[in-house]
Amino acid sequence: MARPPLVFKRSTNVLLQHIAGHVAIGEPLPTEQHMAELVEGSRTAVRSVLAHLHAQGLIGDLKERRLLRKPRRKDYFDIAELQPGSDRIREVLMERIYQRDMPPGAEFSEAELARASGTGTISVREFLIEFSRSGLIEKKPRGGWRLCAFDRSFAMELADVRQMFEFAAIDQFALLPPDDPAFAHLADLIARHEQLGSVMPARHKDFPALDRDFHTFLIGLLHNRFAKSLYDVVSLVFHYHYQWDKDEELARNQYAAHEHLDILQALARRDFSGAREAMRIHLNSSRSTLLQGIRAREQKAQANNG
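For what it's worth, our numbering labels the leading residue of the sequence shown as 124, then goes sequentially.
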């Protein structure tokens, strides 16, 4: 079963601590903006935590968010799991690209990333040097780092790798016994997709975080460190290029959420051939959207150069 990202765990603990000391039972939680400031993250990250708190029975509906009970010790994630490191740096870098519309050519510094991730600059530098081998980022000659753009050949090779991972994950899920904990996680993902679908289109921008949780869950089934590491690159490339096609963002998110549900529900009823077919449809849609994002980027570059 895939483990929740470190950013999610840290944000959950921070909000639980705030709730324990500042929110009485029956009172609503602070605004999303205030909570985002408390966890030093995005509002999307906060919404993922709120969905978790709702599932754990701490808060009522996700609209009023009134506290139903005080946090207990078991609600907190083990602090040993929250030590800063490459996972924390990766999460922060991806979140910035997903949520802050950092385009190809955007520059950032090691110190900036170290502050945001709560790690040292040496750890950040080591991570970025290793991560730069993916072709996603590059070192500037006079210091600092830059996000790179990619050609279609590079993107399609990653799409092929993604397909191998996703189908392998479905095959792995088929081997699990009915009482495996992965089925509980599966049920949670189905509920979260259905909940988000009920509030679309108003909350469609919450989809990228759910999308990452969906694919992280599947890849986590492989228990393969190389698959996880490379999939982070795959995920980043896909989301990175989607940002260049904002006109279709709502429709794309709605359709992708529906495709996810088809896959999840097929897995829940152990219809693995149906899950593979639903995954094939989803990956074809994703590949098509990626190509559209690349074309949009190329067209924008041509217009700027013209």
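C-beta atoms are modelled at their ideal positions from N, C-alpha and C, and glycine is treated no differently. Quick caveat: nothing in here was measured; it's all calculated off a predicted structure.
Proximal residues to residue i (C-beta, below 7 Å), its chain only, five neighbours per side dropped
{"i": "R189", "result": "G149, E150, P151, I182 and G183"}
{"i": "R335", "result": "S358"}
{"i": "F200", "result": "K132, T135 and N136"}
{"i": "L373", "result": "P324 and H327"}
{"i": "L139", "result": "P194, D198 and Y199"}
{"i": "L161", "result": "V137, L138 and H141"}
{"i": "F395", "result": "I293 and A297"}
Selection from the options that minimises the alpha carbon distance to residue i
{"i": "F288", "options": "A350, G144, L312 and M323", "result": "A350"}
{"i": "Q156", "options": "I342, V146 and T167", "result": "T167"}
{"i": "L216", "options": "Y199, A292 and F254", "result": "F254"}
{"i": "L413", "options": "R170, V169 and R285", "result": "R285"}
{"i": "G267", "options": "L299, R248, I386 and L341", "result": "R248"}
{"i": "G208", "options": "L251, Q422 and V356", "result": "L251"}
{"i": "N376", "options": "I142, L176, S408 and G180", "result": "S408"}
Cβ neighbours of residue i in the same chain (closer than 8 Å, five flanking residues each side left out)
{"i": "A174", "result": "L185, R315 and Q318"}
{"i": "L390", "result": "I293, F296, L309 and A398"}
{"i": "A239", "result": "E163, V215 and R219"}
{"i": "A147", "result": "L190"}
Contact check, residue i vs residue j, beta carbons under 8 Å
{"i": "A229", "j": "T244", "result": "no"}
{"i": "P226", "j": "C271", "result": "no"}
{"i": "R410", "j": "A307", "result": "no"}
{"i": "I417", "j": "A278", "result": "yes"}
{"i": "I212", "j": "L236", "result": "yes"}
{"i": "A159", "j": "V172", "result": "no"}
{"i": "A291", "j": "L353", "result": "no"}
{"i": "I342", "j": "L387", "result": "no"}
{"i": "L298", "j": "A305", "result": "no"}
{"i": "R269", "j": "K263", "result": "yes"}
{"i": "H381", "j": "F337", "result": "no"}
{"i": "F330", "j": "A379", "result": "yes"}
{"i": "D302", "j": "A178", "result": "no"}
{"i": "G180", "j": "R192", "result": "yes"}
Identified DSSP bridge partners for residue i
{"i": "K262", "result": "W268"}
{"i": "F231", "result": "W268"}
{"i": "R189", "result": "P151"}
{"i": "I182", "result": "L190"}
Residue-level contact to chain B via CB, residue i, 8 Å cutoff
{"i": "K351", "result": "You won't find chain B in this structure, because it holds only one protein chain."}
Contact test: residue i Cβ vs the ligand ZN heavy atom, cutoff 7 Å
{"i": "V356", "result": "For the ligand ZN, the structure offers nothing, since it holds no ligand at all."}
Cut-off 6 Å between Cβ atoms - residues of its own chain near residue i, not counting five sequence neighbours on either side
{"i": "D385", "result": "A401"}
{"i": "E421", "result": "none"}
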